[in-house]
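So the protein lines, in turn, are chains A and B.
So the number in my numbering is just where the residue sits in the first sequence, counting from 1, plus 98.
For the second sequence, counting from 1, position 322 maps to 320 in my numbering; every step adds exactly one.
Backbone N, C-alpha and C define an ideal beta-carbon position, used for all residues, glycine too.
On a predicted model such as this, the values are computed, not experimentally measured, just so you know.
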Amino acid sequence: MYGRKVKLRFFFIILILITLSLSVFLILKSLEENVIYFQSPSEIKVLAEVKKNKIRVGGMVKNNSISVQSEELKFVITDFKNEIMVTYSGVVPNLFAEGKGVVAEGYLKDKNFFVATKILAKHDENYMPPEVKAAIEGK
Amino acid sequence: MASLIGSYSLFFGLGCSLLVVLFSLKDLKNLNNFDNKILSLTFLQFLLVVLSFFGLIISFVNSDFSNLTVFNHSHTTKPLFYKISGTWGNHEGSLLLWLLVLTLFIFLFLIRSKKEPKKYRILTILFQQIIIIGFFIFLIKTSNPFDYIYPVPKEGLGLNPILQDPALAFHPPILYLGYVGTSIIFSSVLAASVSNYITKEWAKHIKQWVIISWIFLSLGILLGSIWAYYELGWGGFWFWDPVENISLMPWLALTTLLHCILVLEKKSILTSWVIILSIATFTLSMSGTFLVRSGILNSVHTFANDPERGLFILIFLFTLIFLSLFIFFFFHKTDKKNTTSFFLLSKETSILVNNWFMMYFLAVVLIGTIYPIFLDVISSQKISVGPPFYHKLIIPFLIPFLLMMAIGPKLNWIKSELQNKFYLASFFVISLFLSFMIIRMLEISILINTVLFASAFYLFFITLRDFFIKGFKNLAQNIAHFGFSLLILSILFNNFLSTEIITNLKVGETYQSNKLTINFEKIEKKKMQNFEAIIGKFNIKNESNFIEILKPELRIYNQPNIVTSEADIKTNLFSDKFMTMNLVQNQEYFNIRYQKKPFMIWIWFSVLIISFGGLFSLLKKRYES
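Structure below.
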């Protein structure tokens, strides 16, 4: 029969393989659950159903749409074809302004109404998030 | 003038590279004498790049807007300090800095490696020069910092205001010392494989380079994290943002390598593993540069989206990977006689097991970072991967990882019995009990958190005890492990005890909750050199009627015209009080965020301790020899 050393090595390789496949499985499964999709207002309009998971919506902040109360902030995200109403209670980044690009993360209430949990910061006035650019250009 | 000198120095520097390659190839054939010309040329090359770098700094200081880089990233009203730091606050300048560090390191390597075999030294120079030549060509061809414009503009475009910050002035140079330090490890490991020199002596000699890069990389990440904490206004220190992940990946690989080198030094095993890790570390550093520079990942690090640049780095990267894999498979011969002596309970096994954990963490971060890019390319679907992904996959595995970190160093090399089982077990029981009491007070889910806290406390107590009992033995390692336990504990407490209030207030209004009131007393305006500041004054009264005054700031910069908010942070040993305010366009309301973040300073402090562990091991070696 095989020697002890061969058996040990065989055992070792099996152990590595099991660990590897287990961790790959874990990572992929968790990835599936925690991915946040990006959608433009137009894409949301044509959704078959409104799902409960977290998404990101991006586009331009519509002119004259920002209104602030003491508890929350409301504005409209538009991609110039469709628009969506957003409510948010939290801190907005400095470069959040009307007529500028924005990405909001949160949950859809229905196809016209979005509850944001986070407004994403931009670092630079010249910089437009590529998702927003694509959403506005209608790609 | 300064630009001109800088520009020519670059060409001469490239010339030096070619000469060094030429002489090295000649020397390879005749191994008896080491050509002193190589050393002088390497030094000359370093001086030329320094000259070029100073040329750029002087152009920035003098606001020489005939230089395109200066025009794009500077402004006459900018304070002198940020004129200088603006030199590396842009794509071209930062690459020049990268090159500077590359040439510095090869020069230092040459001086510090006089005792090593000649063939190995010459090969290391050759490999390093390949990298240097690549960067010279990249710099000169696609991103020359000395391009000029005509007619000369009167005023520059200015530096992105959020980069005008002391922490960010030092973050790139320090991070680069870490990143680029890995290039020496890479060249050296390739040279050692070709010349069959992966031995204990080699491990001893390369270990210091690994530790130096590791210290700088840790400090560089720390600075970036501190900056993000107070400048971005979210009040967190790590966001699992792709750009952060990209600096974490080489750090994980480098930390793993550091531990493997120790095994190699003592036992001359794990040679293939060391080679793979060295190659991986440098590749991760390079691909990090590629991802942030090419504009694939968007962040404050993306200076300009030029596809040509991305393509160049990508091709260069693949050439290096291909070269290194070729060398690994064709030159590296594993020593058969050393593969047997592995026992289940020994120091090397425990290091190896923790290596696996690190590789798993690395894989998680890698997949979370790369997958969105990958999906975008194949299906143009835009996704992002949030923090829950990382937390869920990493936190549970921290438990065995921490326990191993505590017990592993107690074992002996080769074959070992666990001694002092009694105190090891009793410490664990104490940690478990302590954690259980804390968790009950915090009212969070009991099982996993208790075990997590317990394992962190366990490492904490065990390392603490060793300071007193073992004294100088393994002190460096003990300091670093102690720092790590402190880091995890501070992060956990910080995470569970942080509180936050977000509200919108007009001037004069007061926010009330049952715990505290925030009174927005007034705002005042102040004119500074290149920005106008709006400073808010807030009185925060807590339950015991103690009033704290916080003054967050809004800064309206003149060029480029950007508003940034400066958090006001009151730090003490136990907690940070953190406040930012924002003005929403055309509204009277100010957007206020007030946070209480316990043990914040301990997070920074523990990373310093970890790095100090590395520094101590270097110093100790100096002292001993």
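Take the Cβ of residue i as the centre, count every other Cβ of all protein chains shown within 10 Å, and call the residue buried at 16 or more, exposed below.
i	result
Glu625(B)	In the structure displayed, chain B extends from -1 to 623; residue 625(B) sits before or after that span and is not available.
Asp62(B)	buried
Pro164(B)	exposed
Ser285(B)	buried
Leu120(A)	exposed
Ile116(A)	exposed
Ser138(A)	buried
Trp411(B)	exposed
Tyr587(B)	buried
Gly506(B)	exposed
Gln510(B)	exposed
Asp208(A)	exposed
Gly406(B)	buried
Gln593(B)	buried
Ser563(B)	buried
Gln162(B)	buried
Gly101(A)	exposed
Glu229(B)	buried
Quick check on the DSSP output: the alpha helix (DSSP H) that includes residue i runs from which residue to which?
i	result
Ala667(B)	Residue 667(B) lies beyond the stretch modelled for chain B, which goes from -1 to 623, so this question has no answer here.
Ile125(A)	Arg102 to Asn132
Glu498(B)	Unbroken run through Glu498(B) is the beta strand (DSSP E), Thr497 to Leu503; no alpha helix (DSSP H).
Phe10(B)	Ala0 to Lys27
Pro149(B)	Note, Pro149(B): premise wrong, no alpha helix (DSSP H); not H, not E.
Ala189(B)	Pro164 to Val192
Thr367(B)	Lys345 to Ser377
Can you name the start and end residues of the beta strand (DSSP E) that residue i belongs to?
i	result
Ala202(A)	Gly199 to Asp208
Met577(B)	Ser573 to Leu581
Tyr456(B)	Here Tyr456(B) belongs to no beta strand (DSSP E); instead the alpha helix (DSSP H) covers Ile444 to Ile467.
Tyr118(B)	From DSSP, Tyr118(B) is part of no beta strand (DSSP E) but of the alpha helix (DSSP H) over Lys116 to Thr140.
Tyr509(B)	Thr508 to Gln510
For my contact list, residue i and residue j are in at a C-beta cut-off of 8 angstroms; report their separation, rounded to the angstrom.
i	j	result
Phe387(B)	Ser128(A)	6 angstroms
Ser488(B)	Ala452(B)	Contact doesn't hold; Cβ gap of about 16 angstroms is too wide.
Val189(A)	Asn580(B)	6 angstroms
Phe105(B)	Phe32(B)	So it is not a contact: roughly 15 angstroms between Cβ atoms.
Lys345(B)	Leu409(B)	5 angstroms
Lys152(A)	Gly204(A)	7 angstroms
Val48(B)	Leu100(B)	Not a contact, Cβ separation roughly 12 angstroms.
Thr254(B)	Asn353(B)	5 angstroms
Thr482(B)	Pro596(B)	Residue identity check: residue 482(B) is Phe in the sequence provided, not Thr. Between Pro596(B) and Phe482(B) the Cβ distance is about 19 angstroms, and since that is not below 8 angstroms, they are no contact.
Rounded to a whole number of angstroms, what is the C-alpha to C-alpha distance between residue i and residue j?
i	j	result
Lys237(A)	Lys380(B)	With a pLDDT of 46 at Lys237(A), under the threshold of 50, the predicted position of this residue should be treated as unreliable, though the coordinate-derived value follows. If you take the alpha carbons of Lys237(A) and Lys380(B), they lie about 11 angstroms apart.
Leu422(B)	Phe280(B)	38 angstroms
Leu175(B)	Val159(A)	42 angstroms
Arg307(B)	Ile128(B)	18 angstroms
Pro149(B)	Gly91(B)	22 angstroms
Met(-1)(B)	Lys198(A)	41 angstroms
Trp249(B)	His257(B)	12 angstroms
Asp464(B)	Glu498(B)	38 angstroms
Leu356(B)	Leu173(B)	One detail in the question is off: residue 356(B) reads as Met in this sequence, not Leu. Going by the C-alpha atoms only, they are around 21 angstroms apart.
Leu106(A)	Ile114(A)	12 angstroms
Met403(B)	Lys549(B)	43 angstroms
His73(B)	Leu193(A)	21 angstroms
Gly233(B)	Lys117(B)	52 angstroms
Val192(B)	Glu441(B)	59 angstroms
Pro115(B)	Gln43(B)	23 angstroms
Phe10(B)	Leu45(B)	11 angstroms
Trp602(B)	Ile608(B)	10 angstroms
Ala478(B)	Ile219(B)	16 angstroms
Lys471(B)	Ile319(B)	39 angstroms
Val290(B)	Lys539(B)	44 angstroms
Glu551(B)	Asn158(B)	17 angstroms
Asp177(A)	Gly156(A)	8 angstroms
Phe52(B)	Asn210(A)	57 angstroms
Phe462(B)	Val351(B)	Here the sequence assigns Leu to residue 462(B), which means Phe is not the residue at that position. When rounded, the distance between both Cα atoms is 23 angstroms.
Ile532(B)	Leu503(B)	15 angstroms
Glu519(B)	Lys575(B)	18 angstroms
> Enumerated in chain order, which unbroken segments of the alpha helix (DSSP H) with a length of 4 residues or greater are wholly contained in the segment 383 to 430 of chain B?
Replying inline: 385 to 405
> Hey, which unbroken runs of the alpha helix (DSSP H) at 4 residues or more fall wholly within the segment 139 to 219 of chain A?
Replying inline: 139 to 143
>> To test your reading of the DSSP string, which unbroken beta strand (DSSP E) runs of 3 or more residues are found completely within the segment 525 to 613 of chain B?
In response: 529 to 539, 545 to 548, 551 to 555, 561 to 564, 566 to 569, 573 to 581 and 588 to 596
> In chain order, which continuous runs of the alpha helix (DSSP H) of length 4 or greater are located wholly inside the segment 18 to 94 of chain B?
Replying inline: 34 to 59, 66 to 71 and 78 to 83
> Mind pulling the alpha helix (DSSP H) runs of 4 or more residues that sit fully within the segment 238 to 284 of chain B?
Replying inline: 240 to 265
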